[in-house]
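Following: one structure in structure tokens, then a few remarks.
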Amino acid sequence: MTTTGLGSLPGEDIREWIKVVLEAVDTPFLPELPARPYGDMVSRTVAVLTELAVDLQPAGWRLTGGTDPRASLDQRRARSLVQEDLDVLEELADGYTGPFKIQLTGPWTLATTVELPRGDKVLADHGARRDLAEALAYGVNEHAAEVRRRVPGADLIVQLDEPGLPAVLAGAVPTASGWSKHRSVDGPGAVDLLTRVIEAAAPAHTVVHCCAARPPIEVFTKAEAEGIAVDLALLTEPAWEQIAIAVEAGKTLYAGVVPTTGTIPNQEQAADPLIRKWRQLGLDPELLKRVVITPACGLAGAPSPADARTRLDLLRKTADVVAEAAEE
Numbered sequence: 001m002t003t004t005g006l007g008s009l010p011g012e013d014i015r016e017w018i019k020v021v022l023e024a025v026d027t028p029f030l031p032e033l034p035a036r037p038y039g040d041m042v043s044r045t046v047a048v049l050t051e052l053a054v055d056l057q058p059a060g061w062r063l064t065g066g067t068d069p070r071a072s073l074d075q076r077r078a079r080s081l082v083q084e085d086l087d088v089l090e091e092l093a094d095g096y097t098g099p100f101k102i103q104l105t106g107p108w109t110l111a112t113t114v115e116l117p118r119g120d121k122v123l124a125d126h127g128a129r130r131d132l133a134e135a136l137a138y139g140v141n142e143h144a145a146e147v148r149r150r151v152p153g154a155d156l157i158v159q160l161d162e163p164g165l166p167a168v169l170a171g172a173v174p175t176a177s178g179w180s181k182h183r184s185v186d187g188p189g190a191v192d193l194l195t196r197v198i199e200a201a202a203p204a205h206t207v208v209h210c211c212a213a214r215p216p217i218e219v220f221t222k223a224e225a226e227g228i229a230v231d232l233a234l235l236t237e238p239a240w241e242q243i244a245i246a247v248e249a250g251k252t253l254y255a256g257v258v259p260t261t262g263t264i265p266n267q268e269q270a271a272d273p274l275i276r277k278w279r280q281l282g283l284d285p286e287l288l289k290r291v292v293i294t295p296a297c298g299l300a301g302a303p304s305p306a307d308a309r310t311r312l313d314l315l316r317k318t319a320d321v322v323a324e325a326a327e328e
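Note that our numbering numbers the sequence shown so that position 308 is 308, with each residue one more than the last.
What follows is the structure, given as structure tokens:
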């Protein structure tokens, strides 16, 4: 059994958090600290879009229509923050060998967040969202290569965050006016753009993260993601059935079992929903050994860094309980 976090953490001290994750979890990750300017997941992804110029407006990030990376001061600041974080990582992870994870926003969530030069979301323009996905694919490839250069011993995992994809598939993303919704995207279309980014991440391993009641597991598996990260407390019965199919097909489940806020459970309480559901579905206990134990979602909303650290520390204890259940 292994453990990891899903990316975001509270506070602004990147040096301290990198020290923590190198010790607290089996698969360390590059922390996202949204409390810092340009520290949120979309800004960090915009930072790797070297093929597209994007600027920051009151409503959020917007394509400028140009290709000059110097076109946006905010984009350069976002890039600078990522580079500073990688500098700290390179220093503190000197000599590290083993799995290491980075996180970026997936193409569909990015398309629902970034605006076109004329307004409205990139999602509204078929060509623009394809161009954005291709720029993201290139950026993911370059970013992953840089992380490998700075931490040569890393067996890299790229996590793509897709919280917006269920709304894209359901046709539930509002237009700029707010009076209507963007047309839904069909499954093959969703698979296509996601596949482009996942293929660009190679040779890194890939996991797609989506905290939703019915994450589109089938889209993730058809796009050849190796892992699926979910919040177990939110899942509906149909979602569990899709997860069972994916796990039996060799996909890795990143099981979000430790809540991100509220009362902190003990390890037995955290592990119980996963173990119980595994048995109800009749899944092979041996497959349970391959599950990665994670928080339910990102920990940026934790009331304090100390609280978030406690939740990370709980992951290994929970993994031990799950491992024991797999042997029964």
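Just so you know, even glycine gets a beta-carbon here, dropped at the ideal spot from N, CA and C.
Asked, Found
"Report buried or exposed for residue 179, applying the criterion of at least 16 other Cβ atoms within 10 angstroms of its Cβ.", "exposed"
"Would you be able to state if there are at least three C-beta pairs under 8 Å between the region 259-278 and the region 303-316?", "yes"
"Counting only runs of 3+ residues fully inside the region 104-180, write out the beta strand (DSSP E) ranges in chain order.", "154-161"
"DSSP puts residue 61 in a beta bridge; with which residues?", "56"
"Is it true that the CB of residue 198 sits closer than 8 Å to the CB of residue 143?", "no"
"Classify residue 85: buried if its beta carbon has 16 or more other beta carbons within 10 angstroms, exposed otherwise.", "buried"
"Got a sec? Which residues, its chain only, sit under 8 Å from residue 330 by beta carbon, not counting five neighbours each side?", "Residue 330 lies beyond the stretch modelled for the chain, which goes from 1 to 328, so this question has no answer here."
"Go through its chain and collect everything with a Cβ distance to residue 51's Cβ below 6 Å, but skip five positions before and after it.", "135, 138"
"In the DSSP assignment, find the unbroken alpha helix (DSSP H) run with residue 285 in it and report its ends.", "285-288"
"In whole angstroms, what is the alpha-carbon distance linking residue 129 and residue 164?", "14 Å"
"Do residue 88 and residue 14 have their C-beta atoms closer together than 8 Å?", "yes"
"Out of 96, 182, 181, 123, which has the shortest C-alpha to C-alpha gap to residue 154?", "96"
"Per DSSP, which residues does residue 7 bridge with? Please list them.", "BP columns for residue 7 are empty, so no partner."
"Give every residue of the same chain whose Cβ lies closer than 7 Å to the Cβ of residue 176, excluding the five residues on either side of it in the sequence, and list them in chain order.", "119, 120"
"Need the endpoints of the beta strand (DSSP E) that residue 227 sits in, please.", "227-231"
"Assign residue 182 to one of two classes, buried (16 or more other C-beta atoms within 10 Å of its C-beta) or exposed (fewer than that).", "buried"
"Return the chain-ordered list of same chain residues with a C-beta closer than 7 Å to the C-beta of residue 109, the five sequence neighbours on each side being excluded.", "161, 162, 163, 164, 165"
"Where does residue 197 fall in DSSP's three states?", "helix"
"With a 10 Å radius around its C-beta and 16 neighbouring C-beta atoms as the bar for buried, classify residue 10 as buried or exposed.", "buried"
"Do residue 132 and residue 140 come within 8 Å of each other at the CB atom, strictly closer than that value?", "no"
"Between which two residues does the alpha helix (DSSP H) containing residue 305 stretch?", "305-327"
"If I measure Cβ to Cβ from residue 151 and keep anything under 8 Å in the same chain, skipping five residues before and after, which residues do I get?", "89, 90, 93, 96, 100"
"Please say whether residue 117 and residue 329 have beta carbons closer to each other than 8 Å?", "This structure does not reach residue 329, given that the chain is present from 1 up to 328, and the question cannot be answered."
"Closest to residue 57 by C-alpha separation, out of 75, 301, 234, 107, would be which residue?", "75"
"Give me, in chain order, the residues of the same chain whose beta-carbon lies closer than 6 Å to that of residue 323; leave out the 5 immediate sequence neighbours on both sides.", "1"
"Suppose only complete runs of 3+ residues qualify. What are the beta strand (DSSP E) ranges in the region 202-273, listed by chain order?", "205-209, 227-231, 252-258"
"Out of curiosity, what's the CA-to-CA distance linking residue 326 and residue 257?", "16 Å"
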